[in-house]
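Structure first, commentary second.
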Amino acid sequence: MKNKILKYYKQLVQDRIDVFQDMISGLTDDAQNDAKGSAGDKHETALSMMHLEQEKLNYKLREVLDQKNILDRIDDSVIHQKVALGSLVQTNGMLLFISTALPKITIDNKTVFALSPQSPLGSQLMGNSIGFSAEVNGKQYKIESLE
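For my numbering, add 29 to where a residue sits in the sequence shown, where the first one is 1.
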(Lines of atoms letter the chains of each structure in order from A; the text may use other names.)
(Lines give C-alpha, C1' and ligand atoms only; values in the text may rest on other atoms or scores of the structure.)
Protein backbone atom coordinates (compact mmCIF):
# COMPACT_ATOMS: atom_id res chain seq x y z
CA MET A 30 0.00 0.00 0.00
CA LYS A 31 2.90 2.35 0.75
CA ASN A 32 4.02 2.25 -2.90
CA LYS A 33 0.51 3.29 -4.05
CA ILE A 34 0.53 6.20 -1.61
CA LEU A 35 3.99 7.37 -2.65
CA LYS A 36 3.13 7.05 -6.34
CA TYR A 37 -0.08 9.04 -5.86
CA TYR A 38 1.67 11.84 -3.96
CA LYS A 39 4.51 11.99 -6.50
CA GLN A 40 1.95 12.40 -9.30
CA LEU A 41 0.06 15.06 -7.32
CA VAL A 42 3.26 17.05 -6.77
CA GLN A 43 4.35 16.65 -10.41
CA ASP A 44 0.94 17.94 -11.55
CA ARG A 45 1.40 21.00 -9.33
CA ILE A 46 4.88 21.58 -10.74
CA ASP A 47 3.50 21.44 -14.28
CA VAL A 48 0.71 23.92 -13.44
CA PHE A 49 3.10 26.44 -11.86
CA GLN A 50 5.57 26.14 -14.74
CA ASP A 51 2.75 26.72 -17.25
CA MET A 52 1.52 29.76 -15.31
CA ILE A 53 5.04 31.23 -15.10
CA SER A 54 5.58 30.62 -18.80
CA GLY A 55 2.24 32.29 -19.60
CA LEU A 56 3.18 35.37 -17.57
CA THR A 57 6.55 35.58 -19.30
CA ASP A 58 4.85 35.42 -22.71
CA ASP A 59 2.30 38.07 -21.65
CA ALA A 60 5.06 40.38 -20.44
CA GLN A 61 6.97 40.01 -23.71
CA ASN A 62 3.86 40.61 -25.82
CA ASP A 63 2.82 43.57 -23.69
CA ALA A 64 6.28 45.10 -24.01
CA LYS A 65 6.00 45.21 -27.81
CA GLY A 66 2.98 47.47 -28.05
CA SER A 67 2.74 49.50 -24.86
CA ALA A 68 4.37 52.47 -23.22
CA GLY A 69 3.72 54.80 -20.34
CA ASP A 70 2.61 54.50 -16.72
CA LYS A 71 -0.12 51.91 -17.38
CA HIS A 72 2.42 49.71 -19.12
CA GLU A 73 4.93 50.03 -16.27
CA THR A 74 2.25 49.22 -13.68
CA ALA A 75 1.10 46.18 -15.65
CA LEU A 76 4.68 44.92 -15.97
CA SER A 77 5.28 45.42 -12.24
CA MET A 78 2.11 43.48 -11.41
CA MET A 79 3.13 40.65 -13.73
CA HIS A 80 6.60 40.60 -12.18
CA LEU A 81 5.14 40.37 -8.65
CA GLU A 82 2.83 37.56 -9.71
CA GLN A 83 5.74 35.75 -11.32
CA GLU A 84 7.76 36.05 -8.09
CA LYS A 85 4.85 34.55 -6.10
CA LEU A 86 4.55 31.67 -8.56
CA ASN A 87 8.31 31.06 -8.47
CA TYR A 88 8.15 30.89 -4.66
CA LYS A 89 5.27 28.38 -4.79
CA LEU A 90 7.12 26.38 -7.45
CA ARG A 91 10.20 26.18 -5.18
CA GLU A 92 8.01 24.90 -2.32
CA VAL A 93 6.53 22.17 -4.53
CA LEU A 94 9.99 21.25 -5.88
CA ASP A 95 11.15 20.87 -2.26
CA GLN A 96 8.21 18.50 -1.65
CA LYS A 97 9.20 16.53 -4.75
CA ASN A 98 12.78 16.24 -3.48
CA ILE A 99 11.53 14.85 -0.17
CA LEU A 100 9.26 12.32 -1.91
CA ASP A 101 12.11 11.30 -4.23
CA ARG A 102 14.25 10.40 -1.19
CA ILE A 103 11.68 7.87 0.08
CA ASP A 104 12.28 4.18 -0.60
CA ASP A 105 8.83 2.58 -0.38
CA SER A 106 10.29 -0.93 -0.15
CA VAL A 107 11.80 -0.29 3.30
CA ILE A 108 9.83 -1.65 6.26
CA HIS A 109 10.61 0.63 9.21
CA GLN A 110 11.00 -0.60 12.79
CA LYS A 111 11.00 3.01 14.02
CA VAL A 112 9.17 5.99 12.57
CA ALA A 113 11.30 7.67 9.90
CA LEU A 114 10.89 9.49 6.60
CA GLY A 115 8.75 7.21 4.42
CA SER A 116 7.07 5.36 7.28
CA LEU A 117 3.43 4.41 7.04
CA VAL A 118 2.14 4.70 10.60
CA GLN A 119 -1.20 3.39 11.81
CA THR A 120 -2.28 5.20 14.95
CA ASN A 121 -5.56 4.88 16.76
CA GLY A 122 -7.89 6.06 14.03
CA MET A 123 -5.40 7.61 11.61
CA LEU A 124 -3.10 6.36 8.88
CA LEU A 125 -0.08 8.66 8.55
CA PHE A 126 2.51 8.79 5.77
CA ILE A 127 5.63 10.49 7.09
CA SER A 128 6.88 12.59 4.18
CA THR A 129 5.90 16.22 3.70
CA ALA A 130 2.71 18.13 4.40
CA LEU A 131 0.31 17.27 1.58
CA PRO A 132 -3.50 16.94 1.31
CA LYS A 133 -5.20 13.87 2.73
CA ILE A 134 -6.05 11.20 0.18
CA THR A 135 -8.08 7.98 0.06
CA ILE A 136 -6.41 4.82 -1.22
CA ASP A 137 -8.02 1.37 -1.02
CA ASN A 138 -10.87 2.90 1.03
CA LYS A 139 -8.38 4.18 3.63
CA THR A 140 -7.82 7.85 4.37
CA VAL A 141 -4.14 8.74 4.47
CA PHE A 142 -2.64 11.90 5.95
CA ALA A 143 0.77 13.00 4.67
CA LEU A 144 2.64 14.39 7.62
CA SER A 145 5.89 16.32 7.81
CA PRO A 146 8.48 15.02 10.30
CA GLN A 147 8.73 18.64 11.51
CA SER A 148 5.01 18.92 12.34
CA PRO A 149 4.00 18.75 16.03
CA LEU A 150 2.78 15.14 15.73
CA GLY A 151 5.47 14.08 13.27
CA SER A 152 8.29 15.33 15.48
CA GLN A 153 6.93 13.39 18.46
CA LEU A 154 6.52 10.17 16.46
CA MET A 155 9.94 10.28 14.75
CA GLY A 156 12.32 7.59 16.02
CA ASN A 157 9.66 5.76 18.02
CA SER A 158 8.15 2.31 17.48
CA ILE A 159 4.92 0.35 17.94
CA GLY A 160 3.28 1.02 21.30
CA PHE A 161 4.58 4.59 21.64
CA SER A 162 1.99 7.22 22.62
CA ALA A 163 2.09 10.95 22.06
CA GLU A 164 -0.31 13.74 22.89
CA VAL A 165 -0.85 16.67 20.53
CA ASN A 166 -3.49 19.34 21.13
CA GLY A 167 -5.14 17.23 23.82
CA LYS A 168 -5.50 14.14 21.60
CA GLN A 169 -3.66 10.88 22.23
CA TYR A 170 -1.96 9.09 19.33
CA LYS A 171 -0.66 5.55 19.81
CA ILE A 172 1.43 3.77 17.19
CA GLU A 173 -0.41 0.52 16.42
CA SER A 174 1.51 -0.62 13.34
CA LEU A 175 4.39 0.55 11.21
CA GLU A 176 5.62 -0.10 7.67
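Glycine included, C-beta positions come from ideal geometry on N, C-alpha and C.
Small disclaimer: the values here were computed from a predicted structure and weren't measured.
Boundaries of the alpha helix (DSSP H) harbouring Leu150: 149-154, taken from the DSSP string.
Going by DSSP, Pro132 is part of the beta strand (DSSP E) stretching over 131-136.
Between Asn32 and Asp101, the gap from beta carbon to beta carbon reaches 7 Å or more. One thing to note: Ile53 has its Cβ within 7 Å of the Cβ of Leu86. In this structure, DSSP gives Ile172 an extended state, which the three-state scheme calls strand. In the DSSP assignment, Ala163 falls within the unbroken beta strand (DSSP E) covering 162-165. Assignment of beta-bridge partners to Gln96 by DSSP yields no partner. Exposure of Tyr88 is indicated by the presence of fewer than 16 other C-beta atoms within 10 angstroms of its C-beta. With respect to Ser158, Lys171 sits apart: the two C-beta atoms are not nearer than 7 Å. Under DSSP, Met123 forms a beta bridge with Thr120.
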